[in-house]
Amino acid sequence: MKVILVGNVGIGKSSFFVRFKENRFVEQLHSTIGLDQATKDIQSGDGKTVKVNLWDTGGLEVQGSMTSSYYRMSKGIVLMYDVKDRDTLSSLRMWLNDINPYINEHTTFFLLGNKIDSFSTEIDVNRNDAVNFAKNNNIPTDNVFQISVKTGNGFENFITSMATILSCGRGPFVPDINNVNLGDNQRHPNNCC
Ligand SMILES: Nc1nc2c(ncn2[C@@H]2O[C@H](COP(=O)(O)OP(=O)(O)OP(=O)(O)O)[C@@H](O)[C@H]2O)c(=O)[nH]1
Ligand SMILES: [Mg+2]
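Last residue of the sequence shown: 193 (full-length UniProt numbering), numbering continuous.
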């Protein structure tokens with residue numbers, strides 16, 4: 001199933017893509033021009049094998065005719081932001097507007113904060129901010145995650161949970177220190193079946 005990475009320049013989409021593909025972190029990536037994709041079999045939390053076809057493009061690239069081919073037919077859309085840069089979270093509203101014409105009732109959104117290895121001060125985007133953004137934008141709060149592509153913290157949990165959700169599994173999700181329950185017990189259907 002097609003999964004795309006979406007968000008501003010420099011938030012770590014290509015770093016995510018490289019970790020997915022090769023399980024490593026490359027410090028100096030160039031800003032992405034063009035498109036790249038990779039397919040991998042992922043084991044979901046309930047034992048299914050899910051073929052994830054992940055797409056990466058540059059934050060400045062998704063314009064004009066490219067937009068439709070990138071967005072079209074995606075089953076999963078990973079809205080990514082940098083926890084150190086609040087503007088990258090608020091920009092996702094613009095991305096959501098852009099994507100809106102191309103989605104259907106089977107599209108599932110994920111909200112993914114990256115760079116938690118350098119999360120430090122109060123001005124950084126915390127999990128509550130992300131959960132509020134999700135609530136305001138009709139993204140299931142179960143689909144909110146925080147990771148560090150650099151250290152790998154939370155990465156495997158996100159990939160497994162994403163595969164589980166996309167294959168319509170109902171957990172159990174691997175508990176993760178960064179995704180502790182914040183008293184939000186709401187269950188939202190992932191309209192994927
Ligand atoms: N500290 C930290 N830095 C990261 C992390 N992930 C990516 N970076 C750094 O962030 C910078 C931008 O990463 P990219 O993966 O190129 O960002 P991108 O979203 O693909 O950018 P565009 O292709 O221009 O849209 C690079 O210097 C990465 O090394 C992370 O988890 N932690
Ligand atoms: Mg890139």
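The beta carbon of each residue, even a glycine, is placed where N, CA and C say it ideally should be.
Only a predicted model underlies this, so the values are computations on that prediction, with no experimental measurement involved.
Of the residues the options, the one placed nearest residue i, counting alpha carbons only
i	options	result
N138	I147, L92, N126 and T39	L92
T57	G34, F158, D46 and F145	G34
residue 205	G10, S74 and V144	Any question about residue 205 goes unanswered here, given that the chain covers just 1 to 193.
M80	N143, F25, S68 and S118	N143
D85	T121, F145, N157 and I42	T121
V6	D82, G152, K21 and G154	D82
Y71	P101, V52 and V131	P101
G154	L112, V131 and A134	L112
G59	N104, E105 and H30	H30
L89	D129, T141 and E61	D129
F110	R127, G45 and A134	A134
K51	N157, T67 and K2	K2
V62	T32, N132 and N136	T32
H106	G152, D87, S14 and C168	C168
E156	M66, S44, V125 and N104	S44
T67	K48, D87, N53 and I99	I99
I103	S69, R127, N136 and N53	S69
Cβ distance (whole Å) where residue i is taken to contact residue j below 8 angstroms
i	j	result
I147	T108	Wrong, their Cβ atoms sit about 18 angstroms apart, outside the cutoff.
I4	I123	Going by Cβ atoms, the distance from I4 to I123 rounds to 29 angstroms, so no, they are not a contact pair.
K40	F16	Between F16 and K40 the Cβ distance is about 13 angstroms, and since that is not below 8 angstroms, they are no contact.
V149	T141	Contact doesn't hold; Cβ gap of about 22 angstroms is too wide.
Beta-ladder partner(s) of residue i, from DSSP
i	result
D41	K51
Q146	G113
K2	N53
G76	V3 and T108
D36	D56
Sub-8 angstroms separation of residue i and residue j beta-carbons
i	j	result
I11	N114	yes
V26	V18	yes
I42	I116	no
Next on the checklist: In chain order, what are the residue ranges of uninterrupted alpha helix (DSSP H) at least 4 long that sit wholly in the segment 79–115?
Outcome noted: Whole alpha helix (DSSP H) segments, 4+ residues: 86–90 and 92–99.
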